[in-house]
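Peer 1: Mapping of the sequence shown onto the numbering used here: position 14 corresponds to residue 95, and the numbering continues sequentially without gaps.
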Amino acid sequence: WLAELKNPDWNSTHTHPQAGSMKAGEVLAAWVAHDHLHIRQLNELHWQWLARDVAPLSLEYAGGW
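Structure follows, in structure tokens:
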């Protein structure tokens, strides 16, 4: 649906009851950032799973989490 928008006004604002005034572009950017936070959570879980699975071997050479 996003690709079908014709010339959206990313500066149009709406007042959210808790978040206050927000631009459409800010909502879109925050949506993408929120998805990246979930990806970070998944990466951390994968790291923990790998560390547990290879124990007693160390993952230290890979770098710090």
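For glycine and all other residues, C-beta sits at the position ideal for the given N, C-alpha and C. Here the structure is a predicted model, which is why all the values come from computation and not from measurement.
Considering only the beta carbon of each residue, do Leu126 and Leu140 sit closer than 8 angstroms?
Peer 2: Taking 8 angstroms as the Cβ cut-off, Leu126 and Leu140 do not qualify as a contacting pair.
Peer 1: State the DSSP-derived secondary structure class of Gly101, mapped to helix, strand or coil.
Peer 2: DSSP, read as helix, strand or coil, puts Gly101 in strand.
Peer 1: Taking just the CA atoms, how far does Ile120 sit from Ala100?
Peer 2: 24 angstroms
Peer 1: Could you check the C-alpha separation between Glu107 and Thr94 for me, to the nearest Å?
Peer 2: For Glu107 and Thr94, the distance between alpha carbons rounds to 9 angstroms.
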